[in-house]
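Chains as they are written, first to last, in my numbering: chain A, 138 to 264; chain B, 138 to 264.
Yeah, the Cβ is synthetic: ideal placement off N, Cα and C, and Gly gets one too.
2 protein chains.
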Amino acid sequence: MQRSTHQRRAIYRVLEEADRPLSPQEVLEHARGEVPNLGIATVYRAVKAMTEAGDLTSVQLPGEAPRYEFAGKHHHHHFRCLKCNRVFEIDGCPGGLAAMLPEGFQLERHDLVLYGACSECTNGSGV
Amino acid sequence: MQRSTHQRRAIYRVLEEADRPLSPQEVLEHARGEVPNLGIATVYRAVKAMTEAGDLTSVQLPGEAPRYEFAGKHHHHHFRCLKCNRVFEIDGCPGGLAAMLPEGFQLERHDLVLYGACSECTNGSGV
DNA sequence: TTAACTGCAAACCCTTTGCACGGTG
DNA sequence: CACCGTGCAAAGGGTTTGCAGTTAA
Chain A
138 MQRSTHQRRA IYRVLEEADR PLSPQEVLEH ARGEVPNLGI ATVYRAVKAM TEAGDLTSVQ
198 LPGEAPRYEF AGKHHHHHFR CLKCNRVFEI DGCPGGLAAM LPEGFQLERH DLVLYGACSE
258 CTNGSGV
Chain B
138 MQRSTHQRRA IYRVLEEADR PLSPQEVLEH ARGEVPNLGI ATVYRAVKAM TEAGDLTSVQ
198 LPGEAPRYEF AGKHHHHHFR CLKCNRVFEI DGCPGGLAAM LPEGFQLERH DLVLYGACSE
258 CTNGSGV
């Protein structure tokens, strides 16, 4: 079993407090508030271990490095802001995807990623 | 403007003859049939230039290296068969995606990837 | 002719690994 | 006390860049 160390608790807490998937680099920057000497290698090792343990899942957007969020959430998708590059969770899910498939194809799962501007980056249109 | 070189014509032809998106490495391997000393750097530079010129588009599936295909196709998505790993184009597109966004978010574009079994791999269920 | 293109190899970036020390159980 | 976990730094793998020679226009 895994040990509960100062570093891992900090990493866990950072992911817990963020309401969005974080990259290892983002985790490092946030967690250094608690553990100043935290190394990036430790973050990589921790998220890998937590993912294998089932506590985290990796969120992989096309062409981008993996981000991590807590596992066990309800089915959801992601939105990436093209200005600040942060990734947000989106609760909705379009229906009728199976109807898009050709004859004989069977749908098992799907990934949907929306791109645009988040509310903070949408200046001048209502924030 | 770009020059028409032996290497670029070979790279172009390889992508033209393939009926699926190719990775730079795959392009290199195929194109070396015509240009034995072709370097990987040249492939990267060529696909980058052709993409910027609008001749190619990159196809990026989550967690996978980018592949390239000819641009100018109609808006479409991709289906990857979990058994044979081939990627197919899907013509349909779900609507109402903007409605899934939180207040103040603006939708610009989206990526949808469907996973499952293609008709050839759906053995025992009607093929 | 001349400036873009190419091949090679080194540089880069992100991620992983090796090692000796520190801390958990 | 035994060993896992950590930080540092070096190694890896894939992509990009610098340079001098080549080639298209």
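Minimum Cβ-Cβ distance from His167(A) to chain B less than 9 Å: For the purposes of this step, residue 167(A) is taken as the residue at position 30 of the first sequence. Cβ-Cβ to chain B under 9 Å: no for His167(A).
9 Å Cβ cutoff, Gly241(A) in contact with chain B: Position 104 of the first sequence, counted from the first residue, corresponds to residue 241(A). It does; some Cβ of chain B falls within 9 Å.
Nonlocal neighbours in the same chain, by C-beta distance under 6 Å from Pro168(A), ignoring five residues either side: Within the first sequence, numbered from 1, the residue matching residue 168(A) stands at position 31. The identity of residue 168(A) in the sequence shown is Ala, whereas the question assumes Pro. Only Ala147, Ile148, Val151 and Leu175 meet the Cβ criterion.
Interface partners of Cys221(B) on chain A, CB under 7 Å: Start at 1 with the first residue of the second sequence, and residue 221(B) comes out as number 84. Neighbours of Cys221(B) on chain A: none; closest Cβ ~12 Å, over 7 Å.
Neighbour flag for Gly263(A) against chain B, beta carbons, 9 Å: Reading the first sequence from its first residue, position 126 is the one you call residue 263(A). Unreliable positioning characterises Gly263(A) in this predicted model, as indicated by a pLDDT of 40, which lies under 50. The coordinate reading is nonetheless provided below. Chain B contact via Cβ: present.
Cα-Cα separation, Gln265(A) to Glu226(B): Residue 265(A) lies beyond the residue range present for chain A, which begins at 138 and ends at 264; the question has no answer from this structure.
Contact under 9 Å by Cβ, Glu206(A) with Val196(A): Position 69 of the first sequence, counted from the start, is the residue given in the question as residue 206(A). Position 59 of the first sequence, counted from the start, is the residue given in the question as residue 196(A). Yes.
CA-to-CA distance, Gln162(B) to His211(A), given in whole angstroms: Mapped onto the first sequence, residue 211(A) falls at position 74. Mapped onto the second sequence, residue 162(B) falls at position 25. Their Cα atoms are separated by approximately 38 Å.
Simplified DSSP assignment, three categories, for Ala254(A): Translated into the one-based positions of the first sequence, residue 254(A) becomes position 117. In the structure shown, Ala254(A) sits in a strand (DSSP, three-state: E or B).
Cross-chain neighbours of Thr259(B) in chain A, by beta carbon under 8 Å: Translated into positions along the second sequence, residue 259(B) becomes position 122. The answer, in chain order, is Gly241, Phe242 and Gln243.
Where the beta strand (DSSP E) through Thr125(A) begins and ends: Lying before the first or after the last residue shown, residue 125(A) is absent from chain A, which here runs from 138 to 264.
Where Arg297(A) falls, given that 16 or more other Cβ within 10 Å makes a residue buried: The requested residue 297(A) is not part of the displayed model; chain A covers only 138 to 264.
Candidates Glu166(B), Asp192(B) and Glu201(B), of which the one nearest Val250(B) by Cα: In the second sequence, residue 250(B) corresponds to position 113, counting from 1. If we check each option's Cα against that of Val250(B), Glu201(B) comes out closest.
Under the three-state DSSP convention, the category Lys220(B) falls into: Here the question's residue 220(B) lines up with position 83 in the second sequence. Coil, per DSSP.
Contact under 9 Å by Cβ, Ser256(B) with Pro239(A): By 1-based counting over the second sequence, the position of residue 256(B) is 119. By 1-based counting over the first sequence, the position of residue 239(A) is 102. Yes, they are a contact pair.
Any C-beta of chain B under 9 Å from that of Arg157(A): Along the first sequence, read from residue 1 onward, the residue named residue 157(A) stands at position 20. With 9 Å as the cut-off, Arg157(A) does not count as an interface residue toward chain B.
Arg246(A) in three-state terms, based on DSSP: The count along the first sequence starts at 1 and reaches residue 246(A) at position 109. In the structure shown, Arg246(A) sits in a strand (DSSP, three-state: E or B).
Pro161(A) in three-state terms, based on DSSP: In the first sequence, the residue the question calls residue 161(A) occupies position 24. Helix.
Residues near Pro158(B) in its chain [Cβ-Cβ closer than 7 Å; skip 5 each side]: On the second sequence, position 21 is the one that residue 158(B) refers to. These residues qualify, in order along the chain: Val196, Arg204, Tyr205, Glu206 and Val224.
Beta-carbon contacts of Leu219(A) that lie in its chain and below 6 Å, excluding the five residues immediately before and after: In the first sequence, the residue the question calls residue 219(A) occupies position 82. Contacts found: Tyr252.
Listed by chain order, chain B residues near Gly233(A) by CB distance under 8 Å: Within the first sequence, residue 233(A) is the residue found at index 96, counting from 1. The answer, in chain order, is Pro231.
Residue environment, Ala183(B), which counts as buried when at least 16 other CB atoms sit within 10 Å: Numbered from its first residue, the second sequence carries residue 183(B) at position 46. By the 10 Å Cβ count, Ala183(B) comes out buried.
Rounded separation between Gly229(A) and His215(A) - CA only: As a position in the first sequence, residue 229(A) is number 92, starting the count at 1. As a position in the first sequence, residue 215(A) is number 78, starting the count at 1. Straight-line Cα distance between these residues: approximately 10 Å.
Option nearest His213(B) by Cα separation, candidates Glu153(A), Met237(A), Glu245(A) and Ile177(A): Looking up residue 213(B) in the second sequence gives position 76. Checking every option, the nearest Cα to that of His213(B) belongs to Met237(A).
Beta-carbon spacing of Leu198(B), Pro199(A) below 9 Å: On the second sequence, position 61 is the one that residue 198(B) refers to. On the first sequence, position 62 is the one that residue 199(A) refers to. It is a contact, given that the beta carbons lie within the stated cut-off.
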